[in-house]
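Asks: The sequence shown runs 2 to 266 under our numbering.
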Amino acid sequence: MRRWLWFLLPGLIPVVVFAAWHFLGSTSGGGAGTLPRPAVVAETVWRLLVSGEILRHSWVSLQRALGGLLLGGSVGLGLGLLNGYWRLAERLTDTSVQMVRNIPHLALMPLTIIWFGLGEDSKVFLVALGVLFPVYVNTFHGVRSIDRGLLEMGKLYGLTSFGIFRHMILPGALPSILVGLRYALGTMWLTLIVAETLGADSGIGYLAMNAREFMQTDIVLVSILLYALLGKLADSIARLLERRWVGWDPRYVQRPLQVPRGASA
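#1: Taking Cβ to Cβ, would you say leucine 175 is nearer than 8 Å to histidine 168?
#2: Which whole-angstrom value is the C-beta distance of leucine 234 and histidine 58, which I expect to be below 8 Å?
#3: Within the continuous alpha helix (DSSP H) that includes serine 146, where are the two ends?
#4: Under a Cβ-count criterion, where at least 16 other Cβ atoms within 10 Å of its own Cβ denotes burial, should lysine 156 be classed as buried or exposed?
#5: Counting pairs of beta carbons, one from the region 98-118 and one from the region 39-47, are three or more of them closer than 8 Å?
#6: Smallest Cα separation from glutamate 197: which of Ile115, Arg88, Gly53 and Ser123?
#7: DSSP on glutamate 197, reduced to helix/strand/coil?
#8: Reducing DSSP to helix, strand and coil, say where glutamine 99 ends up.
#9: Look at valine 144 and glycine 81 and say whether their C-beta atoms are less than 8 Å apart.
#10: For glycine 118, which option in Asn211, Leu226 and Gly200 has the closest C-alpha, if you only look at C-alpha atoms?
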């Protein structure tokens, strides 16, 4: 296998899916409620771009997602660091946190609507609730995975509590925190899809639900693709942060490409 072909392999499945989509769209008749061809979806994307609808709805969804991520991620990070380092805090709060974590956060949607109504607060709260626990669990695990002997050594060398946190605990837990962040990003978009179907007048979820009412399958597919692209963008940013912040960890060091045995140059 040549090197250039090895690099093209990740695009093989998308090409096959695209070809299958085109075939199914061509044989479905093209009527309402059928699967539109990729060319039809591309035309819809262009029309929505020209009208500004895609940018407007995407911006609204992105604001909701980032608001929930900042709120839930901050609480999850703080609790994870606190409970991971201080056993008294873990003893006091971890049981309650685990009980709430095992409640499906989307099952709290009726209660959230009663508390916050159908406005932005309810959507941001649901996203924050979905993001909180992946960040908390992975942060807690990252802190607990640090060798306690290293912390004792830091104390022997005269590091203050803040110095130990800054130079040992936070860097040591950072790989696990970033794994939690990547998992939380997926939960963030999943929660937002559901939250935007209730009482919203803007956002990608609203765009999809409004199109469903009028059997506009092409716009529904555009909405799905928008969620996929935004999710991929968020994951790529998280991976970039991994490479920049934990480059000292051998698991994140960029190594030269290892071509499989038997491959020719």
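We treat Cβ as the ideally placed atom computed from N, Cα and C, and that holds for glycine.
Note that the structure is a prediction, hence the values are computed from the model and not measured.
Replies: In terms of the structure at hand:
#1: Taking the sequence shown and counting its residues from 1, one reaches residue 175 at position 174. Taking the sequence shown and counting its residues from 1, one reaches residue 168 at position 167. Not closer than 8 Å, so no.
#2: Looking up residue 234 in the sequence shown gives position 233. Looking up residue 58 in the sequence shown gives position 57. Not quite, the Cβ-Cβ distance comes to about 16 Å (not below 8 Å), so this is no contact.
#3: Residue numbering aside, residue 146 sits at position 145 when the sequence shown is read from its first letter. Taken as a continuous stretch (DSSP letters only), serine 146 belongs to no alpha helix (DSSP H), as it is neither H nor E.
#4: Within the sequence shown, the letter at position 155 stands for residue 156. By the 10 Å Cβ count, lysine 156 comes out exposed.
#5: no
#6: To locate residue 197, count along the sequence shown from 1; it is residue 196. Minimum Cα distance to glutamate 197 is reached at Ser123.
#7: If you number the sequence shown from 1, residue 197 lands on position 196. If DSSP states are grouped into helix, strand and coil, glutamate 197 belongs with coil.
#8: Taking the first residue of the sequence shown as 1, we reach residue 99 at position 98. Here glutamine 99 sits in helix by DSSP.
#9: For the purposes of this step, residue 144 is taken as residue 143 along the sequence shown, with counting starting at 1. For the purposes of this step, residue 81 is taken as residue 80 along the sequence shown, with counting starting at 1. Going by C-beta atoms, valine 144 is nearer than 8 Å to glycine 81.
#10: Taking the first residue of the sequence shown as position 1, residue 118 is located at position 117. For glycine 118, the nearest C-alpha among the options comes from Gly200.
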